[in-house]
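All residue numbers for the sequence shown refer to full-length UniProt numbering, where the first residue is 1 and numbers rise by one. Backbone N, C-alpha and C define an ideal beta-carbon position, used for all residues, glycine too.
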Amino acid sequence: MSSSDEEGEIVPDCVTNYNFVNSKGEPISFSSLPLKWNNNEGSGWEQKPEPTEHAFLRGMVEDGHRWFCRKAIAWKFELSYVLPEIYILLHAKYERWMKLQEPEKSYEDIVRTVLISLHCLRFLKNNLEEESGEALWKHIRRTFNTYEVPPSEDDLMDHMQWIKEAASRDKDIAKAKVYALHLTTTAVCHHLIHTICFPVLDKMQYFLLSSISSFLLIH
């Protein structure tokens, strides 16, 4: 545990069974917060965190014995461990990062795509020579085998901006053959389908183009 600067409160290092809500109590993804890329003071921000950002981290701390709620202003991730680690910057006078563990069950759908994207990056970073997109998705689907809808490349689409940024900052991800051969191509295909083709496609045409895009990722 680490001590908070607010009235001597003890702020634990991690939180489990967590969720995030806005000022109206509505569920939101932590990925809506600014993303910090490194620990260099004054740099490395996707965008500067605003003190007026209304996002609140809620969950259980101290082995589930205490309810915790605190305003959150940013997030970051670490891919150097066995599993991706996610940290939240709490609103405080001094930087106070808190590690996220398991999300609340009802919150899983909201952060599903973020978690899948992070696990994809972790796979790329540690499997540089793997060329098969099928191997990537076999691993991801095994990791998230409790999801009612199996993970797919569609889960990455809303996060391609920071996925690409992660690749530009991490030489291992950038060198991964799966990233170079599959993810970039699939991102382009999905962009074309959703922004250019979709308005004039009937359902069957859309299904066929989506299937082609998925085929590119798997083979």
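Inter-residue CB distance, residue i and residue j (contact presumed, cutoff 8 Å)
{"i": "V114", "j": "S168", "result": "At roughly 19 Å, the Cβ-Cβ gap does not stay under 8 Å, so V114 and S168 are not in contact."}
{"i": "L100", "j": "V15", "result": "6 Å"}
{"i": "residue 223", "j": "N38", "result": "Residue coverage of the chain in this structure runs from 1 to 219, which leaves residue 223 outside it and unanswerable."}
{"i": "M66", "j": "F56", "result": "It should be pointed out that residue 66 corresponds to Arg in this sequence rather than to Met. The pair is not a contact, with the Cβ atoms about 16 Å apart (cut-off 8 Å)."}
{"i": "H159", "j": "T143", "result": "About 17 Å separates the two Cβ atoms, so there is no contact after all."}
{"i": "K36", "j": "A74", "result": "5 Å"}
{"i": "W97", "j": "Y87", "result": "4 Å"}
{"i": "A166", "j": "L121", "result": "6 Å"}
{"i": "C130", "j": "K177", "result": "The question names Cys, but residue 130 is Glu in the sequence shown. About 6 Å; that satisfies the 8 Å criterion."}
{"i": "P12", "j": "I110", "result": "That belief does not hold up - the Cβ atoms of P12 and I110 are roughly 23 Å apart, past 8 Å."}
Three-state secondary structure assigned by DSSP to residue i
{"i": "K36", "result": "strand"}
{"i": "L126", "result": "Inspection of the sequence shows that residue 126 is occupied by Asn rather than by Leu. Helix at N126."}
{"i": "V21", "result": "strand"}
{"i": "F30", "result": "helix"}
{"i": "V11", "result": "strand"}
{"i": "L83", "result": "coil"}
{"i": "T16", "result": "strand"}
Enclosing beta strand (DSSP E) for residue i [first to last residue]
{"i": "L57", "result": "56 to 61"}
{"i": "E104", "result": "E104 -> no beta strand (DSSP E), and no H or E assigned at all."}
{"i": "E78", "result": "66 to 78"}
N-terminal and C-terminal residue of the alpha helix (DSSP H) that residue i is part of
{"i": "S168", "result": "160 to 169"}
{"i": "L136", "result": "133 to 143"}
**OP:** Could you tell me whether the region 81 to 95 touches the region 59 to 66, where touching means 3 or more Cβ pairs closer than 8 Å?
**Re:** These segments do not touch.
Original post:
Quick check: the region 133 to 141 against the region 73 to 82, are there 3 or more CB pairs under 8 Å?
Top reply: The region 133 to 141 makes no contact with the region 73 to 82, as fewer than three CB pairs between them are under 8 Å.
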